[in-house]
Ligand code: TNX
């Protein structure tokens, strides 16, 4: 069937559009509600973007959309240009105070024949909305409908907001260092799937990766090495700010982690007083865990931590600071509790909420602190009893560094093999953590076995795309059979973005 768009307005070109069905589309994460109207909007050279002008951030969101449409279609779509006579169709990004848009990050997307309207209360919601729109633009233009190239966008209405506020991935830049450019590429792809947190694991036994001006040897000495004898590296504070700004443009929060009191060999090589055992350790390039600790009873250790937290929080606009706290196998339990109690106060003094791996719940932590549950159900229970929020990252389901199967070239399998279906077919709510305690989901990518962006992408993609849906979409909207078809449709986008994803045989890739 061909439906005419804009016939009623004589000025506009008569373009017959194909019948569409917005409810059958490849959107990931699946929106809350979709109502198809079976026609289409003709994205072409006569399209312009307009935005609310007095609403903070809306014009920037419009420009971001224009840039991404240009990358995809090569069209130059103007943003907020006045008196442009060639404009026949508009995309309007509108600030609205409607109560229907009160939920954080909520947006509405109305696609009509002549206009696309994105309504959101604030620019963050608008930003999530334009990701949905980007995903609806066909890969190829249809060159038979009109003299000009046209990308028909299926018409209808989408009402959407996330199930969980925190939708993250972690990247371990300590075991192997990844460049600013690599991190930016990862951020850009994650943003397309509405992921809004990137947690950077900035220190471990094998390396210290962030410049601390008051303690320069951390990077001069502690940043030199990585797993396998390769050359290491670190971010200057300027480079870190560049990552933070790039993420912020994509409405993504960076969570910095300094892992303590264990996982601190690199710091203690740089400043041997930190470990309190009177020995200067050697730089470590292996993959064992649990052998290092700070001296938790020394005041100067806390002076050091205060400086580190102060310098990093000063360049971190997000609300969180992650203190690690995992696998402190050579720290006595009492010392560990004493340490976490003190470090929590330091983090709070610098205006941030503490996040720690699930072990931190054994200390006397406040309900404002957050537990990242990765292994121990007992620790998860303790966190809930303390009224803490929990980030759900079960290693058996959500660890991006687990191998897909026995044939996987990279990755570990101490927790499980995690094929693409296993990664998707679970629920953050199924572990007995009450809904109201769940802040969201995070998928950590530890880097013992990977050292290049291609290897990173092999482990992260496609699984991270499924974790985005687990944290954004409600359980009723999640279904493996439906998801796997939508996932297959991601191939052309991933190829265009030069993402070296794992072509799982479970998926009938496009
Ligand atoms: C456990 S998960 C760790 C990391 C390792 C990872 C490898 C966690 C909090 N600690 O130190 O890199 O396993 O999968």
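Numbering (mature numbering (1 follows the signal peptide of the UniProt record, and there is no 0)), first residue to last: -6 to -1, 1 to 504.
Glycine included, each C-beta is placed from N, C-alpha and C at the ideal position.
Going by the CB atoms, is the gap between residue j and residue i shorter than 8 Å?
i: residue 89; j: residue 49; result: yes
i: residue 251; j: residue 230; result: no
i: residue 167; j: residue 203; result: yes
i: residue 158; j: residue 384; result: no
i: residue 73; j: residue 124; result: no
i: residue 439; j: residue 163; result: yes
i: residue 342; j: residue 20; result: no
i: residue 365; j: residue 358; result: no
i: residue 254; j: residue 337; result: yes
i: residue 165; j: residue 192; result: yes
i: residue 241; j: residue 181; result: yes
i: residue 423; j: residue 432; result: yes
i: residue 329; j: residue 291; result: yes
i: residue 133; j: residue 486; result: yes
i: residue 302; j: residue 209; result: yes
i: residue 200; j: residue 169; result: yes
i: residue 317; j: residue 350; result: yes
i: residue 401; j: residue 455; result: no
i: residue 425; j: residue 496; result: no
Is residue i near ligand 1 - that is, is its Cβ less than 7 Å away from at least one heavy atom of it?
i: residue 389; result: yes
i: residue 202; result: no
i: residue 283; result: yes
i: residue 408; result: yes
i: residue 367; result: no
i: residue 175; result: no
i: residue 442; result: yes
i: residue 321; result: yes
i: residue 448; result: no
i: residue 395; result: yes
i: residue 301; result: no
i: residue 166; result: yes
i: residue 351; result: yes
Just checking my contact of residue i with residue j at CB under 8 Å: how many whole Å lie between their CB atoms?
i: residue 256; j: residue 216; result: Rounded, the Cβ-Cβ distance is 15 Å, inconsistent with contact.
i: residue 466; j: residue 178; result: So it is not a contact: roughly 22 Å between Cβ atoms.
i: residue 513; j: residue 105; result: Residue numbering for the chain in the displayed model covers -6 to 504; residue 513 lies beyond these limits and cannot be assessed.
i: residue 39; j: residue 107; result: With 8 Å as the limit, residue 39 and residue 107 do not qualify as a contact, their Cβ atoms being about 17 Å apart.
i: residue 540; j: residue 16; result: Because the chain in this structure spans residues -6 to 504, residue 540 falls outside the shown range and cannot be described.
i: residue 313; j: residue 346; result: 6 Å
i: residue 464; j: residue 176; result: Not quite, the Cβ-Cβ distance comes to about 25 Å (not below 8 Å), so this is no contact.
i: residue 10; j: residue 139; result: 6 Å
i: residue 287; j: residue 258; result: 7 Å
i: residue 354; j: residue 279; result: Not a contact, Cβ separation roughly 28 Å.
i: residue 415; j: residue 474; result: 6 Å
i: residue 234; j: residue 309; result: 6 Å
Run through the DSSP bridge pairs and tell me what residue i is partnered with.
i: residue 434; result: 160, 385
i: residue 201; result: 198
i: residue 153; result: 27, 102
i: residue 89; result: 114
i: residue 109; result: 84
i: residue 34; result: 148
i: residue 42; result: 84
i: residue 315; result: 348
i: residue 193; result: 164, 249
i: residue 491; result: DSSP, once it has assigned bridges, lists no residue as partnering residue 491.
i: residue 73; result: 43
Could you tell me whether the Cβ of residue i comes closer than 8 Å to any Cβ of chain C?
i: residue 157; result: The structure shown has no chain C; it contains just one protein chain.
Going along the chain, which unbroken runs of the alpha helix (DSSP H) with 4 or more residues stay wholly within the stretch 210 to 260? Secondary structure within the stretch 210 to 260: the alpha helix (DSSP H) runs of 4 or more consecutive residues, fully enclosed, are 211 to 214, 231 to 243 (chain order).
Could you give the uninterrupted runs of the alpha helix (DSSP H) lying entirely in the stretch 286 to 312, keeping only those of 4 residues or more? For the alpha helix (DSSP H) assignment, the uninterrupted runs of no fewer than 4 residues enclosed by the stretch 286 to 312 are, from N- to C-terminal side, 293 to 308.
Which whole runs of the alpha helix (DSSP H) in the stretch 421 to 480 are 4 residues long or more, in chain order? The stretch 421 to 480 contains these whole alpha helix (DSSP H) runs: 447 to 454, 457 to 466.
Mind listing, in chain order, the continuous beta strand (DSSP E) runs of no fewer than 3 residues lying wholly within the stretch 358 to 383? Within the stretch 358 to 383, complete beta strand (DSSP E) segments of at least 3 residues are found at 364 to 367, given in chain order.
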